[in-house]
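Residue numbers (the working numbering), protein chains in the order written: chain A, 1 to 314; chain B, 1 to 454.
Glycine included, every Cβ here is placed at the ideal spot set by N, Cα and C.
Below is one structure, written out as C-alpha cells; the observations come after it.
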C-alpha cells in the first residue's frame, strides 16, 4: 500500500452524484470512527499483524489523516508462530509509511515463565496476556482492531467502541448502546476502549476494497504452490512449528490463505485465485465462512471466540 | 416446502455477494416473543444465500442435539443470531446482533433487536441507524400492547420506513379477510401515531410466503414481498441530502506542519496545509460555497474539499472529507460548519425527549454530559416535565425516569449550541446523555424544542 495509491481510488463512472456505493459508505464510516478515536483519546494504538484486515485498517488511517502521517503507532502481538513472509511484509509496510512498530512477544512470556505452551500447540489464545501487557506499558487508552462482525457469532454482538476493564475483559451483557453515529469514548482510569472501525465490513467488502484501492498484501493470500498436509480437514503448511505427524502425507498443492494467523493453527484452502480479482470472485462464491474454513482455534467450541473475548482477546 | 431449508446454499450467479455499484441499506427487526422473528431473520438470510454451509452445519447439529423438532426443517434459526453462550443456553436474545447479506440489487446490514427484554433500549439502539424497521406481529394475535409500544418508539425516532410483517398467515389458512382485519388495526394505530407510509405485508416466515418471493398462497395480496421492499425503499441519506441544509461537525483539524506523506516534490504545497476534517451529516456542499461556522458565527468560502489526496467538487452525506476554507477562523473540534444563513441562534436551554437506557433512574437536578455531533459539554436536567405513556403517546406527569422510560425534560447547557429540532434535522437534533463520572451512556436524546420549555 503505497501512499500514491491513496489518490487513485477510481470513482464508479455513471454513478448518481448523490449516491455513495457500499464501499464508499463503509470507507467513510470507518474514517469517521478513526478520526473520532484520535480526537477523543490520548494514546491510541493500532493492532497490526500484516493480515488483510489490519492492512486495510492502516490504509484507512492513512486516508483519514492525509496529507499528514498516521498519528499513532502500531502494535503486533507476535506469537513466534507467524509466517515469515508476513513478518517481512509487516516490517516493509511500517517502514514505507513511517509508522512506529511495537512488538509484544509471546515467546518472551514463555521464555521467562509467565506463559506456557498449550498441549495442542496453538499459541493464539496465549496472545491475550502480552497484548494486555503492551496496552498497559504503552498506556494506550484506545486500541484499534480490524475485527469484523461477520466473522463470528460473538463478534456480531460487539460494539464499534467496546469498553474493557482493567483486566481487558469484555462484558457482553453490559454493553453501551450505540446510537446514531455518536460514539461515546468516555472511560475511567484503568479502562481502555477497543475500536473496530470496519465492524460492518464483510470479507467480500474487504477484498473488493483491496482491489479498488490496489492495496498490497502478503503474497500468501494468493494462490501459490506449497508443501502441505491434511489435518482436521484443513491444509496445514510445513514449518518449524507445524510438522506433520507420521501418518500425515505431505503433498504439493496450489493453495492460498483466507486468514493469516499462526502457522500452527491456520489452514490453507485449495485455490487457483492468483490475483486480487480472482480472490474477489472466489470469496463471493464461497460456501464456507473464513474462520470455519481455516481456523482450528475457532473450532474448539461453539463459544470459543466469546470465551477468548471475555478474557481480553480481540 | 420446509425441506428447502436443508439445501446447501449456493450463491446465485448474478449476485456474487451483492452489487459492486450498489448501495448499503440498514434495517432493524423488532417483534414480541414468539412472533417468529428469528425464523424470519433465518429465512431472509437463508433464502438470500447468506448462511454459509459451515454455519448451517453447526446450527443443524446443535438443533438436533437439543432435540429441536420445529417445523422449520428441524433447524432452530435462533441459534444463528443468538451469538452469546447465555443466549443459546437460556433461549433468549440479550443484545442486538448484526447480520450482513446481499442480493443482486443491494447489500444489507440487519440489526436484529431482541423483543422482550429491555425492549426500548434495544429498539432505540437498532432504530437510530436504520433506514427501515420491520415490526413483526403474529397474524393470530394481531396488534398487541408490545406492537403498539414498538410503533410508538419508531414514531418518536422518526424512522423513515416502517414495515409491519403480519407473520404466520399460513396458520390462518391464508385468509384474506383475517389479514384485512389485522392490517386495519395496524393502520389505525400508525395513523394515530402519525406514522405515514407504513407498509403492511402478509408473510409466513416458516413457509417463506412473501418473504423473498411473492407467494401463490396470497393471490389477494398485490404488494411487494418483504425483500422487494427492502431492495427498493430509498435510503435516509438519499432523501435527507436533498432536503436538509449542509452540516459538518468538525472532528479535528488536519495541520501536518511539514510532516507529510505526499511525494517530496509536492511537499512544499502542503507546508501550510490546514483543513477541517469531519463527516457530512446532512445536505450538500460545493467548492466556492459560503459557509457559517459555529461557535463564533464567522463566514467564509470553501476553497477545497479534500479526500485523501483527491479533490472533490461536491460533498454530501455521509462522506468523510476535509474542508479548506478561505479565511483563518478559530475552528476546533466541536465546531459546526454549515451552509451560510442556515444555523439557528445558539441557545443554552432545550426541551428534549429522553429515551432512558440506564438502570439508574434520572431525577430532576441531575448533572450530566451531553454529546451533540463532535461537541461534548456539561449539562443539568433541571426539570422532568413528563413521561410518555407508550399506549397512548400522551405525556403524563412524572418526577423521575426509569430504565426504558421515554420522558420529556428541560436540559440546560454549560455553553450555547445552535440547536435544531430532531424534526428539522435528524443528525443535528440527536444527542447522547453521558454519566459524568463513569462515562456510561444514560440516554438517547432528541431535541423537541430549542430555547426552553414550551
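Proximity test, Cβ basis, 7 Å: residue i and chain B
| i | result |
| --- | --- |
| residue 157 of chain A | yes |
| residue 25 of chain A | yes |
| residue 33 of chain A | no |
| residue 150 of chain A | yes |
| residue 182 of chain A | yes |
| residue 93 of chain A | no |
| residue 200 of chain A | yes |
| residue 190 of chain A | no |
| residue 63 of chain A | yes |
| residue 277 of chain A | no |
| residue 197 of chain A | no |
| residue 101 of chain A | no |
DSSP-derived helix/strand/coil call for residue i
| i | result |
| --- | --- |
| residue 268 of chain B | helix |
| residue 270 of chain A | strand |
| residue 137 of chain B | strand |
| residue 224 of chain A | strand |
| residue 150 of chain A | helix |
| residue 84 of chain A | helix |
| residue 168 of chain B | coil |
| residue 22 of chain A | helix |
| residue 181 of chain B | helix |
| residue 190 of chain B | helix |
| residue 213 of chain A | helix |
| residue 428 of chain B | coil |
| residue 375 of chain B | strand |
| residue 46 of chain B | helix |
| residue 450 of chain B | strand |
| residue 257 of chain A | coil |
Residue(s) in a DSSP beta bridge with residue i
| i | result |
| --- | --- |
| residue 109 of chain B | B/26 and B/100 |
| residue 286 of chain B | B/314 |
| residue 383 of chain B | B/410 |
| residue 199 of chain B | B/163 |
| residue 236 of chain A | A/229 |
| residue 204 of chain B | B/209 |
| residue 234 of chain B | Paired residue(s): none; residue 234 of chain B is not in a bridge. |
| residue 127 of chain A | Paired residues: none, contrary to the question. |
| residue 105 of chain A | A/78 |
| residue 520 of chain B | A question about residue 520 of chain B goes unanswered here, because the residues of chain B that appear run from 1 up to 454. |
Closer than 7 Å to chain C by CB, residue i
| i | result |
| --- | --- |
| residue 308 of chain B | Absent from the structure: chain C. Protein chains present are A and B. |
Cβ-Cβ separation, residue j to residue i (assumed contact under 8 Å), whole Å
| i | j | result |
| --- | --- | --- |
| residue 295 of chain B | residue 343 of chain B | Not confirmed; about 10 Å, so no contact. |
| residue 207 of chain B | residue 374 of chain B | That pair is no contact at about 48 Å. |
| residue 220 of chain A | residue 260 of chain A | 7 Å |
| residue 318 of chain A | residue 46 of chain A | Limits of chain A in this structure are 1 at one end and 314 at the other, which puts residue 318 of chain A out of reach. |
| residue 34 of chain A | residue 64 of chain A | 5 Å |
| residue 227 of chain B | residue 103 of chain B | 7 Å |
| residue 22 of chain A | residue 232 of chain B | Actually they are not in contact, since the Cβ atoms of residue 22 of chain A and residue 232 of chain B sit about 16 Å apart, beyond 8 Å. |
Own chain partners of residue i with C-beta closer than 6 Å, once the 5 adjacent residues on each side are dropped
| i | result |
| --- | --- |
| residue 437 of chain B | none |
| residue 238 of chain A | 227 |
| residue 195 of chain A | 37, 142, 144 and 161 |
| residue 77 of chain A | 104, 127, 130 and 131 |
| residue 101 of chain B | 45, 48, 50 and 108 |
| residue 207 of chain A | 279, 280 and 283 |
| residue 315 of chain A | Residue 315 of chain A cannot be examined here, being either before or after the span of chain A that is shown, 1 to 314. |
Minimum Cβ-Cβ distance from residue i to chain A less than 7 Å
| i | result |
| --- | --- |
| residue 243 of chain B | no |
| residue 97 of chain B | yes |
| residue 428 of chain B | no |
| residue 125 of chain B | yes |
| residue 361 of chain B | no |
| residue 4 of chain B | Summary for residue 4 of chain B: the model assigns pLDDT 34, below 50, so the residue's position carries little reliability; its value from the coordinates is reported in the next sentence. By this cut-off, residue 4 of chain B is not an interface position. |
| residue 251 of chain B | yes |
| residue 336 of chain B | no |
| residue 418 of chain B | no |
| residue 114 of chain B | no |
Contacts around residue i, its chain only, beta-carbon distance under 8 Å, and the 5 residues preceding and following it disregarded
| i | result |
| --- | --- |
| residue 445 of chain B | 352, 353, 354, 355, 370, 411, 430, 431, 432 and 433 |
| residue 358 of chain B | 403, 435, 440, 441, 442 and 443 |
| residue 229 of chain A | 235, 236, 238, 244, 248, 249, 250 and 251 |
| residue 27 of chain A | 60, 63 and 209 |
| residue 138 of chain A | 43, 45, 73, 75 and 102 |
Beta-carbon contacts of residue i that lie in its chain and below 7 Å, excluding the five residues immediately before and after
| i | result |
| --- | --- |
| residue 168 of chain B | 36, 138, 139, 140 and 204 |
| residue 210 of chain A | 52, 56, 217 and 276 |
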